[in-house]
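Residue numbers (the numbering used here): 57 to 530. Even for Gly, the Cβ is constructed at its ideal location relative to N, Cα and C. For clarity, every value in this text was computed on a predicted model and none was experimentally measured.
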Amino acid sequence: MIYSPQQYNISDEAQKPFIDAREIWNLIRNTKSDKILVREIIQKSLDKNRLNLQETAVLLNTTDQGLIEEIKQGAKELKNRIYGDRIVLFAPLYVGNLCINNCVYCGFRSTNTDQKRTTLTIEDLIREVVALQDTGQKRLILVYGEHPRYNAGFIAETVKAVYSVKSGPGEIRRVNINAAPLDVEGFKTVKESGIGTYQVFQETYHEETYKKVHLSGIKRDFNWRLTALDRAQEAGIDDVGIGALFGLYDWRFEVLGLVRHVNHFEAVYNVGPHTISFPRVKDSSNSDLSQEYMVSDEDFTRLVAILRLAVPYTGMILTAREPAAIRDEILSFGVSQIDGGTNIQIKGYTEHADGQDLNQEQFQINDNRSLNEIIDELISKGLIPSFCTSCYRAGRTGEHFMEFSVPGFIKRFCQPNALLTLAEYLEDYAPVETKEKGYQLISEKLSIYDDFNLKEKLVEKLEKVKNGERDLYF
Ligand code: SAM
Ligand code: SF4
């Protein structure tokens with residue numbers, strides 16, 4: 057079924073079209089870049105201001121290698137000044153690969169008869185969650201194909217099942233969702249199950265291309281998808297994640313599309329989306345997607361740096377689609393969340409721990425490191441792996457925005473909470489060597505605390521974690 061605008065059930069303001077391909081192309085074609093401008097724009101972002109479309113276009117049109125390096129340095133500086141040294145970890149959990157849509161880039165598309173279709177039963181799901189908890193995971197994103205079976209009631213049921221699992225000291229404290237757009241009623245049902253972020257990626261903001269790569273099914277309706285997160289807002293879900301799938305169309309167009317989507321949120325809801333994702337298309341079973349718009353590593357790292365500067369207060373998510381080397385470089389541009397110990401096969405965490413099979417998964421991942429390997433490497437780099445969920449559970453929504461805008465917020469909340477969740481991990485799941493390194497990192501971080509009061513409280517809580525108390529946070 058293709059929905060008509062009346063069925064969107066959102067305000068007139070939210071429904072005003074906000075993506076204008078001609079406007080975006082005009083900006084790309086006609087915006088000039090020069091040294092003075094680029095430096096001013098980087099400074100504007102470092103002064104904690106979001107960039108407008110024109111300013112973003114200047115950065116996109118910068119081809120001078122020296123200036124591109126300055127843009128990357130700017131992103132690093134922004135990260136160091138504002139976000140500090142925490143990386144939040146999560147894992148994806150695929151619930152089912154039935155799908156009525158025909159997205160040419162995706163292994164789950166309805167016409168791919170080689171894909172083995174499976175939907176986890178609640179018992180299967182619980183087994184997957186136990187396996188994830190037993191490695192130390194605390195935050196999951198549930199992922200679904202688009203199918204009448206995966207309706208709002210089903211999504212809500214799976215979310216509740218995940219929260220109910222307690223294996224040993226384990227628990228999942230935050231369940232995010234990446235699933236097809238719902239109507240307002242559907243979003244309300246899912247909200248009640250206690251989700252964190254609801255992610256819907258537009259894939260491409262270029263409508264003509266959108267039609268070329270979404271051949272049939274509900275997803276073919278560009279506007280139904282573009283207004284998805286407006287309906288989520290209408291239903292009370294204010295924690296939403298946007299994204300574009302890089303490789304479908306010109307990457308500069310998609311960056312401006314994402315920035316335009318952020319502006320739309322700010323204009324209508326007074327707050328931007330919680331997170332931005334920028335997956336690059338990867339191989340999938342039987343896909344014959346044209347290579348025309350594939351994004352090189354060089355352009356990819358550049359576009360992530362530009363996005364960081366363009367929307368300095370938005371959380372950025374980088375997944376195991378990317379190989380470890382790229383992930384390591386991009387982490388320094390202020391990525392806030394990465395997945396670890398990822399397996400995207402259906403039943404991957406219980407039955408297929410040993411490898412990938414494109415006929416049972418959506419696409420190829422390129423970072424197979426275990427959760428502990430990733431944690432160990434982050435610690436070696438002086439970064440704090442964090443499983444913190446405290447904002448969400450203390451009712452402080454929009455944590456990335458608060459980190460960015462409330463002076464001292466990171467020092468008072470984020471960093472201490474990251475250290476507490478790291479200590480829990482070290483106590484419950486880490487091998488001896490990681491545990492030693494981890495506590496070494498914790499004492500280094502403690503040694504530079506200048507707020508004596510806070511430090512005392514944190515040391516007290518860390519002692520309690522060592523003595524078996526769990527889930528302590530500020
Ligand atoms: N089926 C829902 C939908 O399409 O919105 C849920 C999301 S889908 C399972 C998750 C995301 O994976 C898609 O939005 C798309 O951006 C991404 N994806 C699909 N095929 C991909 C591929 N070949 N490489 C990388 N990412 C891909
Ligand atoms: Fe289905 Fe989503 Fe894959 Fe499209 S991207 S075929 S909607 S699972």
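With respect to 6 Å, is the separation between the Cβ of Asn-157 and the closest non-hydrogen atom of ligand 2 below this value?
Within the cutoff, so yes.
Given Gly-396 as reference, the closest of Pro-487, Thr-370, Ser-442 once Cα atoms are compared:
Measuring from the Cα of Gly-396, the nearest candidate turns out to be Ser-442.
Hey, how far is the Cα of Glu-516 from the Cα of Gln-420?
If you take the alpha carbons of Glu-516 and Gln-420, they lie about 44 Å apart.
What does the alpha-carbon distance come out to for the pair Leu-285 and Ala-131?
Rounded to whole angstroms, Leu-285 to Ala-131 spans 27 Å at the Cα level.
At what residues does the alpha helix (DSSP H) containing Pro-472 begin and finish?
DSSP places Pro-472 inside the alpha helix (DSSP H), whose first and last residues are 471-484.
Burial state of Pro-329, where buried means 16 or more other Cβ atoms lie within 10 Å:
Burial is judged here by how many other beta carbons sit within 10 angstroms of a residue's own beta carbon; Pro-329 has at least 16 and is buried.
For Val-488, count neighbouring C-beta atoms within 10 Å of its own C-beta (all shown protein chains included) and say buried if the count is 16 or more, exposed if not.
Exposed, by the Cβ-count rule.
When the Cα atoms are used, what is the spatial distance from Gln-418 to Gly-163?
Approximately 5 Å between the Cα atoms of the pair.
Any heavy atom of ligand 1 inside 6 Å of the beta-carbon of Ile-257?
It should be noted that the sequence gives Phe, not Ile, for residue 257. Taking the Cβ of Phe-257 as the reference point, at least one heavy atom of ligand 1 falls within a distance shorter than 6 Å.
Relative to the C-alpha of Ser-426, which residue among Asn-232, Thr-87, Ala-187 is closest?
Of Asn-232, Thr-87, Ala-187, the smallest CA-CA separation from Ser-426 is found for Ala-187.
Under 8 Å: do the segment 466-478 and the segment 139-147 share three or more Cβ pairs, one atom per stretch?
Verdict: yes, contact present.
Tell whether a beta-carbon distance below 7 Å holds between Gly-201 and Tyr-448.
At a Cβ-Cβ threshold of 7 Å, Gly-201 and Tyr-448 do not count as neighbours.
Considering only their Cβ atoms, is the gap separating Phe-278 from Tyr-266 smaller than 7 Å?
Using a Cβ distance threshold of 7 Å, Tyr-266 and Phe-278 count as a contacting pair.
Quick check: what's the CA-CA separation for Thr-174 versus Ile-197?
The alpha-carbon of Thr-174 is positioned some 18 Å away from that of Ile-197.
Given that a residue counts as buried once 16 or more other Cβ atoms are within 10 Å of its Cβ, and exposed if not, what is Tyr-64?
The residue in question, Tyr-64, is buried, as its Cβ has 16 or more Cβ neighbours within 10 Å.
Which of the three DSSP states is assigned to Gly-297 in this structure?
Reduced to three states, the DSSP call for Gly-297 is strand.
Considering only the alpha carbon of each residue, which of Val-324, Leu-363, Leu-439 lies closest to Trp-307?
Taking only the C-alpha atoms, the option nearest Trp-307 is Leu-363.
Give the DSSP-derived three-state secondary structure of Lys-403 in the structure shown.
Annotated three-state conformation of Lys-403 is coil, per DSSP.
Sort Asn-422, Phe-210, Asn-342 by Cα distance to Pro-379 and report the nearest one.
Residue Asn-422 is the option with its Cα nearest to Pro-379.
Please confirm whether any heavy atom of ligand 1 lies closer than 6 Å to the CB of Gly-201.
Correct: Gly-201 has its Cβ closer than 6 Å to ligand 1.
Would you please state the rounded distance, in angstroms, between the beta carbons of Ile-233 and Val-246? I believe it to be under 8 Å.
So it is a contact: roughly 7 Å between Cβ atoms.
Quick check on this structure: which residue in Ala-291, Leu-181, Glu-241, Lys-467 has the alpha carbon closest to the alpha carbon of Tyr-405?
Taking only the C-alpha atoms, the option nearest Tyr-405 is Leu-181.
Going by other Cβ atoms of all chains shown within 10 Å of its Cβ, with 16 needed for buried, is Gln-496 buried or exposed?
Counting of Cβ neighbours within 10 angstroms places Gln-496 among the exposed residues, the total staying below 16.
Does the pairing of the segment 331-338 with the segment 91-104 give three or more beta-carbon distances under 8 Å?
Taking a cut-off of 8 Å on C-beta distances, the segment 331-338 does not touch the segment 91-104, as fewer than three cross pairs fall below it.
Consider the C-beta atom of Pro-335 and the heavy atoms of ligand 1; say whether any pair is separated by less than 6 Å.
For ligand 1, at least one heavy atom lies less than 6 Å from the Cβ of Pro-335.
Three or more C-beta pairs under 8 Å: does that hold for the segment 105-119 against the segment 142-156?
Verdict: no, contact absent.
Under the three-state DSSP convention, the category Arg-205 falls into:
The answer is coil: DSSP assigns Arg-205 none of H, G, I, E or B.
Take Arg-95 as the anchor and find which of Thr-87, Val-114, Arg-106 has the nearest alpha-carbon.
Closest option to Arg-95, Cα to Cα, is Val-114.
Should Arg-106 be labelled buried (16 or more other beta-carbon atoms within 10 Å of its own) or exposed?
Around the Cβ of Arg-106, a 10 Å sphere holds 16 or more other Cβ atoms; the residue is buried.
Is the segment 64-83 close to the segment 340-349, with three or more CB pairs under 8 Å?
Flag = no, the segment 64-83 and the segment 340-349 do not touch.
Gln-393: CB within 6 Å of a non-hydrogen atom of ligand 1
Result no, Cβ not under 6 Å from ligand 1.
From Gln-189 to Asp-76, what distance separates their C-alpha atoms?
Taking the straight line joining both Cα atoms gives about 45 Å.
According to the Cβ coordinates, are Val-231 and Val-215 closer than 7 Å?
In this structure, Val-231 lies near Val-215, with their beta-carbon atoms less than 7 Å apart.
What runs of the alpha helix (DSSP H), each 4 residues or longer, lie entirely inside the segment 283-354?
Fully enclosed alpha helix (DSSP H) runs of 4 or longer: 284-290, 307-325.
Please classify Gln-347 as buried or exposed, where buried requires at least 16 other C-beta atoms within 10 Å of its C-beta.
Counting of Cβ neighbours within 10 angstroms places Gln-347 among the exposed residues, the total staying below 16.
Name, in chain order, the residues that DSSP records as bridge partners for Ala-147.
Answer is Leu-196, bridged to Ala-147.
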